[in-house]
Amino acid sequence: MKTRRDFIKTTLAAGAAVALPSLDVTAAGANGVPDLITVRGEQRAAMLDRALQSCGGIGAFVKKGQKVVIKPNMSWDVPPELGANTHPDVVARLVQLCRGAGASEVLVFDHAIDSWERAYKTSGIEAAAREAGARVLPGNDASYYREVAIPRGVALKSVKIHSAILDSDVFINVPVLKQHGGAAMSACMKNLMGIIWDRGAYHRNNLHQCIVDILTVKKPDLNVLDAFSPITRNGPRGRSDSDLDQSVRQLLISADIVAIDAAASRMLGHAADGIEHVRIAAALGIGQGDLGKLKIERVKLTA
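Just add 420 to wherever you are in the sequence shown, counting from 1, and you've got the numbering used here.
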């Protein structure tokens with residue numbers, strides 16, 4: 421019987437054998453690196469590898485001896501095939517890449533909404549991350565969080581952020597794309613609700629503005645968006661696989677959290693600035709929300 425580790429090794433080997441496709445490249449960004457990379461394919465690990473190749477590899481973000489925190493969406497007691505959480509294959513491959521780049525430690529956590537033990541287990545992320553070499557942390561106690569002032573905050577003036585994020589050298593944000601009943605979309609910006617203690621404060625105090633306020637004090641170094649089969653209704657948890665769009669099969673990466681969410685909003689049928697927190701963040705200069713001004717590389721992996 422194959423173990424999860426065997427599956428990961430098989431996936432990576434298959435990914436390494438994938439021939440690089442021809443590229444539809446808008447233009448290269450700063451230093452020849454695109455602002456946003458989108459990859460369409462059938463194997464998540466191979467898609468991630470190809471996306472990172474256009475950025476200079478994981479070594480462009482992670483250096484030897486650094487402590488890395490990977491923050492997936494791991495909030496729901498739902499199995500991977502229902503799309504409510506980041507797929508474990510994406511998280512596992514990121515852990516492996518960071519370890520391969522010489523990271524001293526790779527930590528994975530989320531402040532789960534469902535029971536954290538059940539969400540961590542049922543999502544498949546806990547086992548996959550550990551087998552790939554990460555330490556999986558809980559986020560279910562206030563003692564794990566430290567108060568941080570937000571001088572530029574409009575709705576939030578301070579917030580308690582998980583100490584793993586505050587003490588990290590590299591912060592990688594790895595959400596899954598889905599429709600959301602309150603925020604319209606859950607993608608990279610919305611995923612940062614899982615690094616704070618009082619999630620309810622956002623809902624009580626202008627959700628979209630709070631989503632943006634925290635970005636004025638803490639932004640991820642890299643965003644990886646699992647858009648393989650987005651939830652398009654009944655989000656953020658979903659009810660069945662009929663809530664998923666199985667035709668999308670994409671993975672997006674960018675250091676610009678506004679750019680990647682602007683692209684994500686289009687994938688869900690909104691205008692690039694149609695999601696309020698994306699529009700607010702772009703207006704504040706946190707990132708580029710105008711897709712026409714981005715250097716975008718679009719890749720389709722073929723066997």
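Ideal Cβ positions, reconstructed from N, Cα and C, are used throughout, including at glycine.
Using beta-carbon positions only, say whether residue i and residue j come within less than 7 Å of one another.
{"i": "VAL596", "j": "ALA549", "result": "no"}
{"i": "ILE585", "j": "VAL568", "result": "no"}
{"i": "GLN670", "j": "THR506", "result": "no"}
{"i": "LEU456", "j": "ILE716", "result": "yes"}
{"i": "ASP633", "j": "ALA575", "result": "yes"}
{"i": "ILE677", "j": "ASN643", "result": "yes"}
{"i": "SER606", "j": "VAL489", "result": "no"}
{"i": "VAL528", "j": "VAL556", "result": "yes"}
{"i": "SER495", "j": "ILE533", "result": "yes"}
{"i": "LEU714", "j": "ALA679", "result": "yes"}
{"i": "VAL590", "j": "GLN473", "result": "no"}
{"i": "VAL637", "j": "ILE570", "result": "yes"}
{"i": "GLY522", "j": "LEU664", "result": "no"}
{"i": "ILE706", "j": "LEU635", "result": "yes"}
{"i": "VAL668", "j": "ILE616", "result": "no"}
Taking the beta strand (DSSP E) that residue i belongs to, which residues open and close that run?
{"i": "ALA647", "result": "642-651"}
{"i": "TYR565", "result": "565-569"}
{"i": "SER674", "result": "670-674"}
{"i": "ILE478", "result": "It is not in any beta strand (DSSP E) - ILE478 carries neither H nor E in the DSSP assignment."}
{"i": "ASN593", "result": "590-594"}
{"i": "VAL515", "result": "Element bounds for VAL515: not the beta strand (DSSP E) but the alpha helix (DSSP H), 508-520."}
{"i": "VAL605", "result": "Looking at the sequence itself, residue 605 is Met, so the reference to Val does not match. Segment 604-606, the beta strand (DSSP E) holding MET605."}
{"i": "LEU627", "result": "Taken as a continuous stretch (DSSP letters only), LEU627 belongs to no beta strand (DSSP E), being part of the alpha helix (DSSP H) at 627-633."}
{"i": "ARG378", "result": "A question about residue 378 goes unanswered here, because the residues of the chain that appear run from 421 up to 723."}
{"i": "ARG460", "result": "456-460"}
{"i": "VAL637", "result": "Looking at the DSSP string, VAL637 is not in any beta strand (DSSP E), and its letter there is neither H nor E."}
{"i": "VAL498", "result": "VAL498 -> no beta strand (DSSP E), and no H or E assigned at all."}
{"i": "VAL528", "result": "525-528"}
Going by C-alpha distance, which of the options is nearest residue i?
{"i": "PRO558", "options": "ASP661, SER535 and VAL498", "result": "SER535"}
{"i": "VAL698", "options": "MET609, PRO499 and VAL590", "result": "MET609"}
{"i": "GLN599", "options": "ILE651, ILE634, LYS638 and ASP633", "result": "ILE651"}
{"i": "GLY573", "options": "ILE631, PHE529 and VAL526", "result": "ILE631"}
{"i": "PRO454", "options": "ASP665, ALA471 and ALA466", "result": "ALA471"}
{"i": "SER662", "options": "GLU501, ARG718 and GLU551", "result": "GLU501"}
{"i": "ALA480", "options": "GLY461, GLY452 and ARG555", "result": "GLY452"}
{"i": "GLY461", "options": "THR542, LEU672 and ALA703", "result": "LEU672"}
{"i": "ASN493", "options": "ARG566, GLU696, ALA539 and GLY601", "result": "ALA539"}
{"i": "ASP561", "options": "ASN654, ASP618, ARG718 and GLY694", "result": "ASP618"}
{"i": "GLN629", "options": "ALA466, ILE695, GLY689 and ASP665", "result": "ILE695"}
{"i": "LEU517", "options": "LYS577, GLY476 and GLN708", "result": "GLY476"}
{"i": "HIS690", "options": "GLY709, ASP641 and SER660", "result": "GLY709"}
{"i": "HIS623", "options": "ALA603, SER674 and ALA523", "result": "ALA603"}
{"i": "ALA675", "options": "PRO508, LEU721, PRO640 and ILE616", "result": "PRO640"}
{"i": "ASP497", "options": "ILE478, ALA547 and LYS541", "result": "LYS541"}
{"i": "PRO508", "options": "GLU551, LEU688 and GLY712", "result": "GLU551"}
{"i": "PRO499", "options": "SER660, GLY712, LEU688 and GLN666", "result": "SER660"}
Hey, could you find the ends of the alpha helix (DSSP H) residue i is sitting in?
{"i": "LYS483", "result": "Run containing LYS483: none; DSSP gives neither H nor E here."}
{"i": "ILE581", "result": "Element bounds for ILE581: not the alpha helix (DSSP H) but the beta strand (DSSP E), 578-582."}
{"i": "TRP536", "result": "536-542"}
{"i": "HIS531", "result": "Looking at the DSSP string, HIS531 is not in any alpha helix (DSSP H), and its letter there is neither H nor E."}
{"i": "ASP681", "result": "677-687"}
{"i": "VAL453", "result": "No alpha helix (DSSP H) holds VAL453; DSSP gives it neither H nor E."}
{"i": "ILE700", "result": "696-703"}
{"i": "HIS623", "result": "619-624"}
{"i": "ARG550", "result": "545-552"}
If residue i and residue j are in contact, beta carbons under 8 Å, what's the gap, nearest whole angstrom?
{"i": "ARG513", "j": "GLY553", "result": "Rounded, the Cβ-Cβ distance is 11 Å, inconsistent with contact."}
{"i": "LYS491", "j": "ASN593", "result": "5 Å"}
{"i": "VAL510", "j": "ARG464", "result": "5 Å"}
{"i": "SER583", "j": "TYR564", "result": "6 Å"}
{"i": "GLY601", "j": "GLY655", "result": "7 Å"}
{"i": "GLY620", "j": "HIS531", "result": "Not a contact, Cβ separation roughly 11 Å."}
{"i": "ALA466", "j": "LEU721", "result": "6 Å"}
I want to see whether chain B comes within less than 7 Å of residue i, judged by CB atoms only; does it?
{"i": "GLY601", "result": "Any reference to chain B falls outside this structure, which holds one protein chain only."}
Is the region 683-697 in contact with the region 642-655, if contact means three or more CB pairs nearer than 8 Å?
Flag = yes, the region 683-697 and the region 642-655 touch.
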